[in-house]
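Student:
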Amino acid sequence: MPKRKNAESVYECNCDQFCGGVPTPVTAAAWKKHKPYRIGRVVDALKDVVGKMLGRAVSGSGSGSQAGRAKRQRGDEEYVDFVQNATLKSCGMDKESRDRLRNPPRGVPDLSEDPTLRLALRQFIANGHSEAAYEANRRACMEEHPERELPSLKSIKKTVEELTGIKPIVTDMCENSCLAYTGPHKNLKECPICPERAPRYDIHKGKNVPRRTFDTYPLGPQAQALMRNRECAERMHHRRKVTAELKAKLALGETWDVAEDIYYSKDFMDAVDDGIINPDDMLLMFSVDGAQLYESKASDCYIYIWVLFDMSPKLRYKKRYVLPGAIIPGPRKPQDLESFLLPGLMHISALQKTGLRIWDAADERMYITHPIIIFATADCVGMPYINGLVGHSGAQGCRFWCPMRSRHKRGTGYYYPAMLRPQNATQGCDAPDYSARDPLPDTRTTARRFKRALNYVLGSANLTEYRKRRLKTGIGKPSIFSGLTISVGIPKMFAGDVMHHLALNIPDIMVKLFRGSFECKKPDKVEDWPWAVFRPLSTPQGEDDSFWIEHGEAVGDMRFYIPRSFGRAPRNIAAKLNSGFKAWEHMYHFYMVLPGLLYGVLDDELFAHYCKLVAGCRFALMLETPVALRPLAHKLLTEFVEDFERLYYQRRLDRLHFCRHSIHLLLHLVPEGIRRGPLWLFSQWVLETFIGNLTCEIGTDSCPYANLAARATRRAQEAALYAIYPELAKPEGLPKNAMELGDDYVLLAYGRDECGRLLPQGGTEAAALMSFLETQDIAVPDAWEPGVWKWSRLLLPNGQTARTAWRECQREARDVPIRRARMVKLRGDVFAEVLYFFPLNIQPGDGHIETTRVLAMVSEFTRPDPTIAEKTHGVLMVCYSQVQAPPRVVDVKDIMSVVAMMPMGPRPFEADQPDAARLCANRYYVGEKLGCDMAWIGRADNPNDDDDDDDDD
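Take the sequence shown: its position 581, counted from the start at 1, is 581 in UniProt numbering, and no numbers get skipped.
Structural data, given as structure tokens:
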């Protein structure tokens, strides 16, 4: 019974979701609202207590007699038992699939000897999603070639299943998505969670028919298919080769300047040295997240995938190499997510114990591999389901389980990770100050601490003791992943997620503070916030929101200056913030556009503080991180967190909620990068892209979840076919008439001039060309008339396409909206506008044969203003265009990247100057593409796309 506090119906609640396990006064309405979470936490704890009363062992969950295990009650530890004791049979694989897994086929059937099968497979890939489309094309083909009898769709599906070995494991589940009938729930006849106790089966013709099922896609057959062709097998050797090279370097006492992958990280090298990871093992990332299929109605589902870390990062995130793990249908969220994860993890565990037999077509050998989950990721909401911690709102809420304890805000169920002790601190938030400069524990120390703390929690004698120990340690249960036989360790394997952290959470917090829309608690007042530069002003006519509206319009106008290769440019944030403002838009608004718009608007100290955040986060978002820059990046982020509490929180209890978990996690970005490698490589972006691609393929709204599962099955089978028969995949090649220049530079013929044309005699372009030739020691005949054949596009090694003023200005003159891609960064940190590209045949004076050099005519900007760059830690680079200065000729291989040059109008402190508009007319600030390259996960810049700006809605 609740404890009645007074006549005003105030109760004492200690639920997880809202009260964090601490007795907190709440109203009668809140008491009812908290009820599901309060009941859930009591049931969870009672499972542990009841289990102990029945003699259940806390440690050594794999030991004990069969009879003893049969007596165990359902609970989190039992999931660990099932994973630890898994076999291929117990995970749900049928006998045929198990036999094939133990005896994989060697080689593949030759499609050149069976053109009918080849045609049928091509038809399946092109039209297998629709029976009508497949049959129509099948009849048309047989009408044209009567001698060929193409199989029906049902028949070719069976053939594809036999060729690839990929067949989903179908498991019963509650019709309300509460749980899956796996592990401790396997023999239940009804759902124990549903209020209506939904039955598991319907009776049809005297047989039990499951009301609902879900599909799991076992890893083993998908992994075997990847190695059956030489081309794909060689790609899977990437990790083995790079690891050997790095170990050879370390043996010679050498190091590296740039961390290009997780192989360069401390944790990976430690695992290799300890023998946990061997050359023939297979490294995986597990990633899970929820998805809403329809915007306007409840349609939640959960999806998890496997990412192969044996491949190069330029390949592993491609659509064909991202392997589906399971589709968990909705429309409700699962109440017991672990029960849905169990079949896939049991399969991994069984393969770890028995080994997975692989036929390697590249090495022509049969060997045993062991799949190892090196990363398990989810967003901050989903992570507690898989790592066993209490979540970000708990007293020990850091997802990396660092020693810092959060502070409880009285009257709420939340804890906030404030380092500084607030003034007039109450019980629960009165701990001494915490220093961000204290070194974090290393991985091994954290693992030992975690194991001791978990045993401490599991040793609770009763419910009260369990609550106290959970509050003290931040551990609520053992992770289901702890049952794996081969593991890099708990909590080591649970990585951060820079996608949600840096792309959504940090911009959301800071923009709300600048907007004045962040939650304000009395006696605090928004009017006292000097950082709220975009807040509405009170006037006799009402609220004046003109500052924010003008800012939104300025952001929307910037999209024309942001190249398409950057991804989605931010729209008008004032109009679109609450209606589908995407993560990419948040990133480019906050880390690229906003610094130029806040300069001179935000107070100097606050602006410099904001720039520290931007500089540090830009480093954290890089795919390849320079080792030498790590100390500076960590210093800037540490200073930002410390100064955030000094400038914003100010030790005020009414501002304790400013200190969000996302702010605290900034302290971990660089250390985690050192431990694990570039953070972007194991973020949720790849899963978000997978979900977006898969949900776009849903063909019917009547059975969306079944359709989604069928699409995932088809995706896995198609990926296997592409691996086995690369010729079935869409050919990857250069566009027609493209000119390869070496070093991954390609001159594209799209939009080139019809013929060569002479340059005007005595003109600046002719003079620039002559000057370039002189610097190259190339003799020029006196009678030579310089002429050029203009080309308009250049494909760069980073996947971007540089374009030219020659073509883009023609489109701008016709009022065609484009996104400029003609601004580039040259070697030596020089920024320029490309006028046009042109090939030039050169005969050196030393008698060598004639060669063709491809050059670029450019107009350079001034060097970035050093004073502004220094004040902003390199975040704001302000340049002036030199339209009156003569152009310059450079080699195209001096072009490093495409950049955005965004106009920077008069700042408030310049408004009083009479010639401010003229002085600022040619002023721009630089925006470079964030280090996270979306081309790596299937979003490459198409060099043949038109420039039309068609992504604004």
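Each residue gets a CB set at the ideal place from its N, CA and C atoms; glycine is no exception. It should be emphasised that the depicted structure is a prediction, and the values quoted were computed from it without experimental measurement.
1. Could you give the residue range of the beta strand (DSSP E) that holds serine 565?
2. Could you spell out where the beta strand (DSSP E) holding methionine 823 opens and where it closes?
3. DSSP three-state call for aspartate 273: helix, strand or coil?
4. Using 8 Å as the cut-off, can you tell me whether the stretch 279-293 makes contact with the stretch 306-315, which would need three or more C-beta pairs spanning the two stretches below that distance?
5. Would you call the CB atoms of tyrosine 705 and proline 218 closer than 8 Å?
6. Among Leu577, Pro491, Asn572, Pro478, which has the Cα closest to the Cα of leucine 504?
7. Spatial neighbours of arginine 571 within its chain, please: C-beta separation below 8 Å, excluding the five flanking residues on both sides.
8. Taking DSSP's pairing of strands, which residues face valine 258 in a bridge?
9. With a threshold of 16 other CB atoms inside 10 Å of the CB of aspartate 782, please say whether the residue is buried or exposed.
10. Starting from methionine 857, trace the beta strand (DSSP E) in both directions and tell me its first and last residue.
11. Would you report the Cα separation of isoleucine 166 and arginine 820, rounded to the nearest angstrom?
12. Taking the alpha-carbon of leucine 773 as reference, which of Arg228, Asn841, Tyr385, Arg714 has the nearest alpha-carbon?
13. Just how far apart, CA to CA, sit alanine 569 and leucine 708?
14. Three-state secondary structure (DSSP) at histidine 551?
15. Quick check on DSSP: helix, strand or coil for proline 199?
16. Suppose you measure from the CA of leucine 315 to the CA of tyrosine 321; what does that come to, to the nearest Å?
17. Within a Cβ cutoff of 6 Å, which residues of the same chain sit near asparagine 176, ignoring the five residues on either side of it in sequence?
18. List the whole-angstrom C-beta distance separating glycine 397 from valine 390, where the pair is believed to meet the contact cut-off of C-beta under 8 Å.
19. Under 8 Å Cβ to Cβ from leucine 46, same chain only, skipping five residues before and after it: list those, please.
20. How is methionine 311 classed by DSSP in three states: helix, strand or coil?
21. Check arginine 357 in the structure and name its three-state DSSP category.
22. Output needed for methionine 53: all residues of its chain with C-beta closer than 7 Å, excluding positions within five of it in sequence on either side, in chain order.
23. Per DSSP, which residues does phenylalanine 838 bridge with? Please list them.
24. Regarding tyrosine 924 and the ligand PLP, is the C-beta to nearest heavy atom distance less than 7 Å?
25. Quick check on DSSP: helix, strand or coil for asparagine 737?
26. I think valine 670 touches arginine 630, with their Cβ atoms under 8 Å apart; what is that distance to the nearest whole Å?
27. Judging by CA-CA distance, which residue of Pro105, Met93, Ser130, Leu117 is the nearest neighbour of isoleucine 700?
28. Taking only the alpha-carbon atoms, compute the straight-line gap between glutamine 292 and aspartate 300 and give it to the nearest angstrom.
29. Unbroken alpha helix (DSSP H) runs of length 4 or more, entirely within the stretch 886-933: which are they?
30. Note down, in chain order, each residue of its chain lying with its Cβ closer than 6 Å to the Cβ of phenylalanine 566, except the 5 sequence neighbours on either side.
31. What's the C-alpha gap between alanine 132 and leucine 323?
32. Using CA atoms only, rank isn't needed, just tell me which of Leu759, Thr243, Pro735 is closest to tyrosine 750.
33. Can you tell me where the beta strand (DSSP E) with arginine 535 in it begins and where it stops?
34. Should proline 908 be labelled buried (16 or more other beta-carbon atoms within 10 Å of its own) or exposed?
35. Please name the residue in Ile486, Pro797, Ala395 whose C-alpha comes closest to that of leucine 741.
36. In whole angstroms, give me the CA-to-CA distance for glutamine 409 and aspartate 643.
Tutor: With the structure as the only source:
1. Here residue 565 refers to the residue found at position 565 of the sequence shown. Serine 565 -> no beta strand (DSSP E), and no H or E assigned at all.
2. Working through the sequence shown from its first residue, we reach residue 823 at position 823. Its beta strand (DSSP E) spans residues 823-826.
3. Stepping through the sequence shown from its first residue, residue 273 is reached at position 273. Correct three-state label for aspartate 273: helix.
4. yes
5. Position 705 of the sequence shown, counted from the first residue, corresponds to residue 705. Position 218 of the sequence shown, counted from the first residue, corresponds to residue 218. Not closer than 8 Å, so no.
6. The sequence position of residue 504 within the sequence shown is 504, counting from 1. Looking at the Cα atoms, Leu577 is the closest of the given residues.
7. For this step, residue 571 is matched to residue 571 along the sequence shown. Taken in chain order, the residues that qualify are Val555, Gly556, Arg559, Phe581, Glu585, Asp952.
8. Mapped onto the sequence shown, residue 258 falls at position 258. BP columns for valine 258 point to Pro626.
9. Along the sequence shown, one-based indexing puts residue 782 at 782. By the 10 Å Cβ count, aspartate 782 comes out exposed.
10. For the purposes of this step, residue 857 is identified with residue 857 of the sequence shown, where counting begins at 1. Start and end: 851-860.
11. The residue you call residue 166 lines up with position 166 of the sequence shown. The residue you call residue 820 lines up with position 820 of the sequence shown. Approximately 46 Å between the Cα atoms of the pair.
12. The residue you call residue 773 lines up with position 773 of the sequence shown. Among Arg228, Asn841, Tyr385, Arg714, the Cα nearest to that of leucine 773 belongs to Asn841.
13. The residue labelled residue 569 in the question sits at position 569 within the sequence shown. The residue labelled residue 708 in the question sits at position 708 within the sequence shown. One C-alpha to the other measures close to 30 Å.
14. Against the sequence shown, residue 551 aligns to sequence position 551. Looking at histidine 551 - three-state DSSP - the assignment turns out to be helix.
15. The residue labelled residue 199 in the question sits at position 199 within the sequence shown. In this structure, proline 199 counts as strand in the three-state DSSP scheme.
16. For this step, residue 315 is matched to residue 315 along the sequence shown. For this step, residue 321 is matched to residue 321 along the sequence shown. Roughly 7 Å between the two C-alpha positions.
17. If you number the sequence shown from 1, residue 176 lands on position 176. Excluding residues within five positions, the ones whose Cβ falls inside 6 Å are Cys194, Ala198, Arg332.
18. Within the sequence shown, numbered from 1, the residue matching residue 397 stands at position 397. Within the sequence shown, numbered from 1, the residue matching residue 390 stands at position 390. The pair is a contact, with the Cβ atoms about 7 Å apart (cut-off 8 Å).
19. The sequence position of residue 46 within the sequence shown is 46, counting from 1. Because leucine 46 sits at a pLDDT of 40, beneath the cut-off of 50, its placement in the model cannot be relied upon, and the following sentence gives the value as read from the coordinates. Once the five neighbours on either side are set aside, the close Cβ partners of leucine 46 are Leu463.
20. Residue numbering aside, residue 311 sits at position 311 when the sequence shown is read from its first letter. Methionine 311 falls in the coil class under three-state DSSP.
21. Counted from its first residue, the sequence shown places residue 357 at position 357. Three-state DSSP puts arginine 357 in a strand.
22. By 1-based counting over the sequence shown, the position of residue 53 is 53. Unreliable positioning characterises methionine 53 in this predicted model, as indicated by a pLDDT of 36, which lies under 50. A coordinate reading is not provided.
23. Numbered from 1 along the sequence shown, position 838 holds the residue referred to as residue 838. The partner list for phenylalanine 838 (beta bridge, DSSP) reads Leu855.
24. No copy of the ligand PLP occurs in the structure displayed, which carries no ligand at all.
25. Along the sequence shown, one-based indexing puts residue 737 at 737. Here asparagine 737 sits in coil by DSSP.
26. The count along the sequence shown starts at 1 and reaches residue 670 at position 670. The count along the sequence shown starts at 1 and reaches residue 630 at position 630. With a Cβ gap of about 5 Å, valine 670 and arginine 630 count as contacting.
27. Within the sequence shown, the letter at position 700 stands for residue 700. Reading off the sequence, residue 700 comes out as threonine, not isoleucine. Residue Ser130 is the option with its Cα nearest to threonine 700.
28. Sequence index remark: in the sequence shown, residue 292 carries index 292 (1-based). Sequence index remark: in the sequence shown, residue 300 carries index 300 (1-based). Approximately 5 Å, taken between the alpha carbons.
29. 916-920
30. Here residue 566 is taken as the residue at index 566 of the sequence shown, counted from 1. Within the same chain, phenylalanine 566 has close Cβ partners Lys929.
31. Within the sequence shown, residue 132 is the residue found at index 132, counting from 1. Within the sequence shown, residue 323 is the residue found at index 323, counting from 1. So the alpha carbons of these two residues sit roughly 28 Å apart.
32. For this step, residue 750 is matched to residue 750 along the sequence shown. Per the Cα distances, Pro735.
33. Locating residue 535 in the sequence shown gives position 535, where the first residue counts as 1. Note, arginine 535: premise wrong, no beta strand (DSSP E); not H, not E.
34. Position 908 of the sequence shown, counted from the start, is the residue given in the question as residue 908. So proline 908 ends up on the exposed side.
35. Against the sequence shown, residue 741 aligns to sequence position 741. The residue with the shortest Cα to Cα distance from leucine 741 is Pro797.
36. Taking the sequence shown and counting its residues from 1, the one referred to as residue 409 is at position 409. Taking the sequence shown and counting its residues from 1, the one referred to as residue 643 is at position 643. A small fix is needed here, since residue 409 is lysine in this sequence, not glutamine. Rounded to the nearest angstrom, the two C-alpha atoms are 21 Å apart.
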